[in-house]
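2 protein chains.
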Amino acid sequence: MATTTAYSLCRMFILVTLLLSCVLRQSQANFTFSLNGQNLNVHVDGIQVIAHSPGTPFLFVGSGVSSYKGHLGNFVIKDYVEERIALKNFTVIDDAEVMMRVQFHRDGFMKTTVTFTKENSSLGDVITFEDLPGDVNHIWVRLLADEKEHVYGAGEQFSYFDLRGHNFPLWIQEQGVGRNKSTEVTFEADRRDGGGGDYHTTYWAEPTFTSSRKYCCHFDTTSYSELDFRYPEFHEVQIWSNKPGKIFFGASETFTGLVGKLTAFLGRQPALPEWTYDGAILGVQGGTAAMLDYLKYAQGNSTYVTGLWIQDWVGRIKTSFGSRLFWNWEWDKKQYPDLDIEIVRLKKEGVRVFAYINPNLNREGGLFKEADKKDLLVKNSTGDTYVVDYGEFFCGIVDLTNPTAVEWYKGVITRNMIDLGFGGWMADFGEYLPTDAVFYGGQAGEALHNEWPVLWAKLNREVVEEVGMVGDILIWMRAGFSGSQKHTIVTWAGDQFVDFSLADGLASVIPAALSLGMTGFGLTHFDVGGFTSLFGIGRTEELLLRYAEFAAFTPVMRTHEGNRPAENWQFYSSSETSVKFARQSKIFNMLKDYTISVVQENTDYGIPAQRPLFMHYANDERSFSIKYEYLYGRDLLVAPVYDKGVDTWWVYLPPDNWVFLWDGKEYSGGDVQVSAPVGQIPVFYRKGSPWTQVFQEIAKIKDFASSSSRALSFKVVALISVVFVGGWVTFRRP
Amino acid sequence: MATTTAYSLCRMFILVTLLLSCVLRQSQANFTFSLNGQNLNVHVDGIQVIAHSPGTPFLFVGSGVSSYKGHLGNFVIKDYVEERIALKNFTVIDDAEVMMRVQFHRDGFMKTTVTFTKENSSLGDVITFEDLPGDVNHIWVRLLADEKEHVYGAGEQFSYFDLRGHNFPLWIQEQGVGRNKSTEVTFEADRRDGGGGDYHTTYWAEPTFTSSRKYCCHFDTTSYSELDFRYPEFHEVQIWSNKPGKIFFGASETFTGLVGKLTAFLGRQPALPEWTYDGAILGVQGGTAAMLDYLKYAQGNSTYVTGLWIQDWVGRIKTSFGSRLFWNWEWDKKQYPDLDIEIVRLKKEGVRVFAYINPNLNREGGLFKEADKKDLLVKNSTGDTYVVDYGEFFCGIVDLTNPTAVEWYKGVITRNMIDLGFGGWMADFGEYLPTDAVFYGGQAGEALHNEWPVLWAKLNREVVEEVGMVGDILIWMRAGFSGSQKHTIVTWAGDQFVDFSLADGLASVIPAALSLGMTGFGLTHFDVGGFTSLFGIGRTEELLLRYAEFAAFTPVMRTHEGNRPAENWQFYSSSETSVKFARQSKIFNMLKDYTISVVQENTDYGIPAQRPLFMHYANDERSFSIKYEYLYGRDLLVAPVYDKGVDTWWVYLPPDNWVFLWDGKEYSGGDVQVSAPVGQIPVFYRKGSPWTQVFQEIAKIKDFASSSSRALSFKVVALISVVFVGGWVTFRRP
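Respectively, the protein sequence lines represent chains A and B. According to our numbering, the first sequence is numbered sequentially starting from 1. According to our numbering, the second sequence is numbered sequentially starting from 735.
This is the structure in structure tokens:
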């Protein structure tokens, strides 16, 4: 093995003789280096990831002036790049057993030391940036790309699964309404409050990706960054920080092995409570009596119900836009009399009740006052409590960097939610953190913004762990970032628009689940029916039922009435709908054992419940481009119908022996068209699956007949909705 | 005066003693230099324009990969900046009487020599960039800005007059439909064909600006560039070229002096033919009989008519979108029988006839075939004739870099248009030139694109000069760039949408005229009524008449039926409209002598006909921010009404004694509200003006009574329009 001195001499020699010398070296780590004159190539387990030459530099450093303007979770981020300097030259300055240190520079200036080292990380080798010049606050790193390479991950991506050809700004924010600048919904939403979003806007963005070249790459920065996959010969990653953190690499011969390594490193999710799979969680509101009425109605139509989710357990306030939840996380005994008793009673019947919370506190509530008095809230730059306008009501933000605040908030959750007997809750928000806030921990808002949902997830997870109820309490979050993998229990896909659009409709939750899976998070679900109604567009029965049939083949089946319940078709809008919904809840229930096994693979090996086709069919090139289908576990292929008004559907089947779930017909791969009326989602199982009998039983279920003796009439329910929820129009979350 | 050696020694000394030494020097040129350690300050006639220090460098160099994607004159331009290096250091390398040479560099690398020199230019001193490193194709130059400074020019800017706070990409293109991303018209236009435009899209962009600090600055590059006025402390100009050209500076103690210097340098426009001011030029179509019918109708209602503009003199072709002009510039004798005779007869009556031409030739026409045979058309990269799809008809582009082609096209114009007796023509287009074309002159498309309209203007101007008819023939163009000042006779503002929007409606032509004036071009006009009807929006009578009353106070009054004549209100749409229009033509006619004097000031001194208020009221700070009013010559202040449904209007008057034209009431400045019913544009004259009597006569004109014995009924005309023009929907120009 060559020594550092030898390298330096060698490099000097090369500079003179120009490319006449070539040195190859294998470090103890899985990095491999190859030096050739002014070129430096780096491989990870044989996969080349860096191809530095003066013409194609690995590293650029520079500076920029950036600004972040946030409004209701939507951000306008600007950057003026003052300098960007290609570090074309390098010198090897250290060459030890477990690391290699290389100083990149430009003709002797802008020297930056990069260390390639074997860390004690379960993922693999690591690149560290040292001694960046003081005025540098931007770096750009280029990794070698192959023209045919596919890239996945970057958090939860709703518009693209294969990220190649696009640039992904990584900043936690609202995912937007419409998310496609050429649609009217997006245009109207942008005009309304700048909330239209774009292809890349998401609650969970993350600088982690997985390549079809069977390596993965994770940047541990929390600063604003971008993953740019637009170029044929390289991927470019930019980070806006003088401390850009580390780059972790992992590689494996299989994709299951690769996500296994990635999740071993980032963290895996525990198994969900078994009762999760018993039936649907119904999102209902309006008080104790209404809640029980909805339950009776659903059960009367033979719906399998495992829970009732009452987000308005805290009561409501009035604004000029209608009623909003009172963000003061205490049981509203007036609206929910005897809730404590009913929770206990319902649990005995196998029905859990679920709550809602977020990290903000309404200024008018007792919790705000208590937290403010105890100095537990985020500050503004003048040292006062940072009060944010959420639309005619004003909130403080619990300072999650303050251990005392975290302990206090855990106490609030324990006393007010767990002790009351809730089976879990939606842990909402985490995306809105303003960058100009001042924190107990002293962090800059720019660096803390992305980390915020991780702290929020951590708090929720710890409170459950501390009461010993992991696997017993179900918490769902939407916001996330690197680190959420080990804290978050399950995500939901946020606020889809109640339509069939690709960018923000039913279709979008499929790439969202798949990309999160390739980012190391394997348990996702969504609002059955979608969430956002605006501009006179409401949810149709067809959309509700397409969502329901899809949810049956995911780990959690939960409905949401949406932001404007009265404008949306609900499971209770007609007895016909209710009966059709009930059938899907039955299918979900029948899949229980299969789903448990699928989820267990995620818990044990990090293999996501919903998997891209290529994960098990890596030799099939077409499988790398399928974004609207997924493998549910090893044996089911699911192709949700995401267009309206259709009753057939084209499905791509990777090469294998597939059986169409509903008629038993066999296929051996390729593009096939199948019958797909509403209620019959295109699903195939692998021939010879040990679960064949379960699947065959599901095929036998026909529509239930309505057996309810007292159906809730649509009119009555709509009235309830209007009274309690109507007019709740300005914000996408309560 | 110090010698070069003394400077070098001095600089070395300074580097050691750090800011202890200060040297001030006055060169023979109007540049003045001041050196202080690592700082270099440059003044132009006492106005500081450069403040270089290591922290605020004058010059950045680097490289980028840019792409230009054009479709129907709309361009998507992308740039990937690979490097941008601040040249923080400098060395004075030459210090002669008439110039100073400074080498800027970054720690000794990326050396670039900048020469500050007195050129034999009528504007003033010049900065030249020499020996840029070979791999540099982008430069960024920073000029010192004052926080309160205003900046004007950059060609014809429709959205902003004071350019401060915005960035202006300079690339000749369609101005767009809507031009404001938050309006529905823009959204629909973008969705239709990407043609919505933006605040900066314009037919005439130019790297020339004038500062309220009483200096002007001109970059003679034709490459893509940007003028970025967003920063409080500097203006930043970027140029995408390894040969970024020169920077010219001029200064004056007055704004009239400043535009005088600028136009003496860039060129001034000749006086227009005197008959221009006799009355309106009516844009009509449909053949000889129709043309004469329109004239009789207008004259029957006492309209002052100086010309008839028949754009369809070449006949029409059919496409699936309707009829389009046949781009083969020959008299269509079938549609226009006896046109030669009528032109002569009409001229005797004081009515000219006008034609239409552009630099493209329909593949189906004889002229294309002739030009193609003679090898006079632009080529594509494979060496074949570049044929462009203009919407189901295909055209070649006359190669304006080929002297033979230019001569040939001049011959076409002379024979087919001048010899036929036309009084002038619209010289349309000039914006669409594809960057991947191959030219006789060997230029790269990226550098030639912006220059193209200049070549087109030059050809038109030369043909008129060669037949000795300058001042006798009227040519109007919309596209322009640096150099158009000395070739173009008059511009029109292109294709306004037929509405009252700020960004693309009537209002937008005011800053367009003012900004062109501050770019050195002083004679502009517009389509009376606006041009573009789309999405079911047509021109109203009110809009037509607001345009007409405005046009009376400009040098040229010309109507256009618009792209969909049948959907637009026309001067002939009702006899009432016709009578009201006639009154405005009378006002225009009565202003003839005043207008001649106003235009003469432009010809003699480069003072634009339509002037910003600050040009004559430089001590009045408010005047620098007025973008929707103008001084028409020295004595009239015009404040066009650009909102619908109003009959009063707020006007800002700079400090002076003003008389309201319509009622003789006197004002001494400030914000005043005046009566402004349709037909009575808010106009003030300066008290004591030698033109007072003319203005007072105008105030006496009341509406004419209809005296026409045979009014054209709207229905008949609409029918003609549908037959000949209807369905002409896909392109904004014929």
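From the three backbone atoms N, C-alpha and C, an ideal C-beta is built for every residue, glycine too.
In the DSSP assignment, S63 of chain A forms a beta bridge with A:E83. Under the 10 Å beta carbon count, W329 of chain A is surrounded by 16 or more other beta carbons and is classified as buried.
Shown here for M110 of chain A: same chain residues with a beta carbon closer than 7 Å to its own, the five before and five after excluded, namely V61, I85, L87, P133 in chain order. The criterion of a C-beta distance shorter than 7 Å is not satisfied by F588 of chain A and I681 of chain A. Using a Cβ distance threshold of 7 Å, L631 of chain A and S623 of chain A do not count as a contacting pair. Counting C-beta atoms within 10 angstroms of its own C-beta, Y80 of chain A has fewer than 16 neighbours from the protein chains shown and is therefore classed as exposed. According to the DSSP assignment, D1405 of chain B belongs to the beta strand (DSSP E) that extends over 1404-1409. For N301 of chain A, the closest alpha carbon among the candidates A:G260, A:F571, A:P677, A:S597 is that of A:F571. Boundaries of the beta strand (DSSP E) harbouring F116 of chain A: 109-117, taken from the DSSP string. In the three-state reduction of the DSSP assignment, D95 of chain A falls in the strand class, which pools E and B. Listed in chain order, the non-local C-beta contacts of E967 of chain B below 8 Å within the same chain comprise T790, L878, A879, E881, local neighbours out to five positions each way being set aside.
C-alpha of V185 of chain A to C-alpha of E541 of chain A: approximately 20 Å in a straight line. The three-state reading of DSSP puts R964 of chain B in coil, since its state is none of H, G, I, E or B. Our two residues, D1369 of chain B and I827 of chain B, have alpha carbons roughly 52 Å apart in a direct line. By the Cβ test, the stretch 469-478 of chain A is in contact with the stretch 487-504 of chain A, since at least three Cβ pairs between them sit closer than 8 Å. Identification of chain B residues near S182 of chain A by a Cβ-Cβ cut-off of 9 Å yields F921, D924, R925, ordered along the chain. DSSP, reduced to helix, strand and coil, places W408 of chain A within a helical segment of the structure shown. Taking 3 residues as the shortest admissible run, the stretch 395-449 of chain A contains the following complete beta strand (DSSP E) segments, listed from N- to C-terminal end: 424-427. For I819 of chain B, the closest Cβ of chain A is nearer than 7 Å.
With contacts defined as CB atoms closer than 7 Å, S212 of chain A and E149 of chain A qualify as a contacting pair. Take the alpha-carbon of F809 of chain B and the one of T766 of chain B: they are about 41 Å apart. Taking each of A:Y547, A:L163, A:N380, A:P565 in turn and checking the Cα distance to V638 of chain A, the smallest one comes out for A:Y547.
Residue environment for P273 of chain A: buried (at least 16 other C-beta atoms within 10 angstroms of its C-beta). Leaving aside the five residues that flank L1193 of chain B on each side, the residues in its chain whose CB is nearer than 7 Å to its CB run, in chain order, L1134, V1140, Y1143, K1144.
Distance between V44 of chain A and Q772 of chain B, taken at the CA atoms: about 46 Å. Within a 10 Å sphere around the beta-carbon of V832 of chain B sit fewer than 16 other beta-carbons, which makes this residue exposed. Of all residues in the stretch 72-83 of chain A, only Y80, V81, E82, E83 place a beta-carbon less than 9 Å from a beta-carbon of chain B. Annotation: the continuous beta strand (DSSP E) that includes K318 of chain A extends over 316-319. Within the model, the alpha-carbon separation for A676 of chain A versus D1046 of chain B is close to 56 Å. Comparing C-alpha distances from G1296 of chain B to each of B:Q1019, B:H934, B:A985, B:T862 shows the shortest one belongs to B:Q1019. Per DSSP, the continuous alpha helix (DSSP H) segment holding F1322 of chain B begins and ends at 1309-1324. Neighbourhood of F109 of chain A in chain B, by CB distance below 8 Å: R840, D841, F843, in chain order. In the displayed model, K803 of chain B falls within a strand according to three-state DSSP. E567 of chain A counts as buried, since at least 16 other C-beta atoms from the protein chains shown sit within 10 angstroms of its C-beta. Judged by their CB atoms, F1231 of chain B and T1266 of chain B are nearer to each other than the 7 Å cut-off. In the displayed model, V498 of chain A falls within coil according to three-state DSSP, outside both helix and strand.
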